[in-house]
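Undergrad: Protein chains in written order, with the numbering used here: chain U, 369 to 543; chain L, 8 to 168. All C-beta atoms in this analysis are idealised placements derived from N, C-alpha and C, irrespective of residue type, glycine included.
Okay, here's the thing in structure tokens:
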């Protein structure tokens, strides 16, 4: 059962949202939500397949010792910067970069490196910038980007200092 | 097909070609690992996408607009951080929504906070993070991240004030 508690949490969230939808528009709204979810899945299948393949090849090609040396807890600031670059450049939503982060975690990457990778994806994301400038304007984008520019490496260092030793527990905890 | 999909396929194909050329079983092993990860996470992914579907459907644009309104200052920043976590979907959905709020009078600091909070703390992202990274990593990353939107909005507020 312990293995499935994340399933349970997500199912509860889904049911709560379905309840809210029912309250707002009856069964047709509940159905509409399911329909949107399903159409999203079909729309994202090409991206998902590419992400899972990339994650799989990454694990098969890259030797554990190499990941540990370049991105492990001992890799220090160099590893964190490398992860920031990777995170900033990788395209796609959370269903694309989390499988890749999962592969890195399994192959020996450290906490600081993984936090830096995810945070850089969130804040630097090169592929999102043109859209942000186009829709929100250059003023908002320049403020947001330049103020948060240093945050990914800083977060990586902080996470590594505070939680570095927890990496084995984290690794054992994933399904 | 969008740019992200194309770029990821190019990366996947490049890795695949390299694995094939090594001729040491890497291609087969990589494919098997990909299939294993897919099998393990398929159910969770499907549930997570239904959550996205529902939030997309229920998206309370008007409600957000009345909450954040033309108010500024620290109160707006804290409010925007909370709202950012709830924003539904990817940039194509969220940026137009934030643009509407900005045009209807939300302050620059609130808009910067909102964008940053959505990017780093969104609950929807967490529903993908939990299955792949486990609750310990998610808690560490999300917990440390709580200060990021406040920093971004606070600095913007100090500069523009």
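With 8 Å as the limit, tell me which residues of the stretch 132-162 of chain L have their beta carbon closer than that to any beta carbon of chain U; keep them in chain order.
TA: Going along the stretch 132-162 of chain L in chain order, one finds 132, 134, 135, 136, 137, 138, 139, 140, 141, 142, 143, 144, 147, 148, 151, 152, 155, 158, 159, 162 with a Cβ nearer than 8 Å to chain U.
Undergrad: Could you name the residues of the same chain whose beta carbon sits closer than 8 Å to that of residue 489 of chain U, not counting the 5 residues immediately before and after it, in chain order?
TA: Taking the first residue of the first chain as position 1, residue 489 of chain U is located at position 121. For residue 489 of chain U, where only same-chain residues beyond five positions count, the Cβ hits under 8 Å are 455, 456, 458, 465.
Undergrad: Taking only beta-carbon atoms, is residue 434 of chain U less than 8 Å away from chain L?
TA: For the purposes of this step, residue 434 of chain U is taken as residue 66 along the first chain, with counting starting at 1. Residue 434 of chain U does not count as touching chain L.
Undergrad: Kindly indicate if chain L contains any beta-carbon less than 8 Å away from that of residue 380 of chain U.
TA: Here residue 380 of chain U refers to the residue found at position 12 of the first chain. Taking Cβ atoms only, chain L never reaches closer than 8 Å to residue 380 of chain U, which makes this a no.
Undergrad: DSSP three-state label for residue 528 of chain U, please.
TA: Indexing the first chain from 1 puts residue 528 of chain U at position 160. Residue 528 of chain U falls in the helix class under three-state DSSP.
Undergrad: Listing by chain order, which chain L residues have their CB less than 9 Å from the CB of residue 351 of chain U?
TA: Residue 351 of chain U lies beyond the stretch modelled for chain U, which goes from 369 to 543, so this question has no answer here.
Undergrad: Under 7 Å, CB to CB, which of the residues in the stretch 10-40 of chain L have a partner in chain U?
TA: So the close ones are 10, 11, 12, 14, 15, 16, 18, 19, 22, 23, 25, 26, 33, 36, 37, 38, 40.
Undergrad: Use the C-beta contact count for residue 24 of chain L: other C-beta atoms within 10 angstroms, 16 or more gives buried, fewer gives exposed.
TA: Within the second chain, the letter at position 17 stands for residue 24 of chain L. Exposed, since its Cβ has fewer than 16 Cβ neighbours within 10 Å.
Undergrad: For residue 518 of chain U, count the other beta carbons within 10 Å of its own beta carbon; 16 or more makes it buried, fewer makes it exposed. Which is it?
TA: Counted from its first residue, the first chain places residue 518 of chain U at position 150. The residue is exposed, with fewer than 16 neighbouring Cβ atoms inside 10 Å.
Undergrad: So, helix, strand or coil for residue 459 of chain U, using DSSP?
TA: Taking the first chain and counting its residues from 1, the one referred to as residue 459 of chain U is at position 91. DSSP places residue 459 of chain U in coil when its eight states are reduced to three.
Undergrad: Hey, could you find the ends of the alpha helix (DSSP H) residue 407 of chain U is sitting in?
TA: Numbered from 1 along the first chain, position 39 holds the residue referred to as residue 407 of chain U. Run containing residue 407 of chain U: 373-429, per the alpha helix (DSSP H) assignment.
Undergrad: Determine, for residue 98 of chain L, whether the minimum Cβ-Cβ distance to residues of chain A falls below 8 Å.
TA: The question asks about chain A, but that chain is absent: this structure's protein chains are U and L.
Undergrad: What does the alpha-carbon distance come out to for the pair residue 409 of chain U and residue 87 of chain L?
TA: For the purposes of this step, residue 409 of chain U is taken as residue 41 along the first chain, with counting starting at 1. For the purposes of this step, residue 87 of chain L is taken as residue 80 along the second chain, with counting starting at 1. Spanning the two alpha carbons is a distance of roughly 29 Å.
Undergrad: Could you compute how far the alpha carbon of residue 37 of chain L sits from the alpha carbon of residue 423 of chain U?
TA: By one-based count along the second chain, residue 37 of chain L stands at place 30. By one-based count along the first chain, residue 423 of chain U stands at place 55. In a straight line, the C-alpha of residue 37 of chain L is about 8 Å away from that of residue 423 of chain U.
Undergrad: Taking the alpha-carbon positions, what's the residue 116 of chain L to residue 444 of chain U distance?
TA: To locate residue 116 of chain L, count along the second chain from 1; it is residue 109. To locate residue 444 of chain U, count along the first chain from 1; it is residue 76. Straight-line Cα distance between these residues: approximately 34 Å.
Undergrad: If I follow the unbroken alpha helix (DSSP H) through residue 517 of chain U, where does it start and stop?
TA: The sequence position of residue 517 of chain U within the first chain is 149, counting from 1. Residue 517 of chain U -> no alpha helix (DSSP H), and no H or E assigned at all.
Undergrad: Measure the Cβ-Cβ separation of residue 387 of chain U and residue 441 of chain U and say whether it is below 8 Å.
TA: Counted from its first residue, the first chain places residue 387 of chain U at position 19. Counted from its first residue, the first chain places residue 441 of chain U at position 73. Result no, Cβ atoms of residue 387 of chain U and residue 441 of chain U do not sit closer than 8 Å.
Undergrad: With distances taken between CB atoms, is the gap from residue 472 of chain U to residue 435 of chain U smaller than 8 Å?
TA: Walking along the first chain from the start, residue 472 of chain U turns up at place 104. Walking along the first chain from the start, residue 435 of chain U turns up at place 67. The answer is yes: Cβ separation under 8 Å.
Undergrad: Leaving out the 5 sequence neighbours to the left and right, which residues in its chain are closer than 6 Å to residue 531 of chain U when beta-carbon positions are compared?
TA: The count along the first chain starts at 1 and reaches residue 531 of chain U at position 163. Counting only Cβ-Cβ distances below 6 Å, and skipping sequence neighbours, we find 479.
Undergrad: Using CA atoms only, rank isn't needed, just tell me which of U:429, U:418, U:538, U:404 is closest to residue 19 of chain L.
TA: Here residue 19 of chain L is taken as the residue at index 12 of the second chain, counted from 1. The residue with the shortest Cα to Cα distance from residue 19 of chain L is U:418.
Undergrad: Going by DSSP in three states, residue 108 of chain L sits in which element: helix, strand or coil?
TA: Counting from one through the second chain, the residue named residue 108 of chain L turns up at place 101. Here residue 108 of chain L sits in helix by DSSP.
Undergrad: Could you check what DSSP says for residue 369 of chain U in three-state terms: helix, strand or coil?
TA: Start at 1 with the first residue of the first chain, and residue 369 of chain U comes out as number 1. Because residue 369 of chain U sits at a pLDDT of 47, beneath the cut-off of 50, its placement in the model cannot be relied upon, and the following sentence gives the value as read from the coordinates. Three-state DSSP puts residue 369 of chain U in coil, outside helix and strand.
Undergrad: Around the Cβ of residue 49 of chain L, are there at least 16 other Cβ atoms within 10 angstroms (buried) or fewer (exposed)?
TA: Within the second chain, numbered from 1, the residue matching residue 49 of chain L stands at position 42. Residue 49 of chain L comes out exposed.
Undergrad: Got a sec: is the Cβ-Cβ distance from residue 424 of chain U to anything in chain L below 8 Å?
TA: Locating residue 424 of chain U in the first chain gives position 56, where the first residue counts as 1. Answer yes: the Cβ-Cβ gap between residue 424 of chain U and chain L drops below 8 Å somewhere.
Undergrad: Would you call the stretch 444-453 of chain U in contact with the stretch 114-134 of chain L, where contact means no fewer than 3 C-beta pairs closer than 8 Å?
TA: Touching, no, given that fewer than three Cβ pairs across the two stretches are closer than 8 Å.
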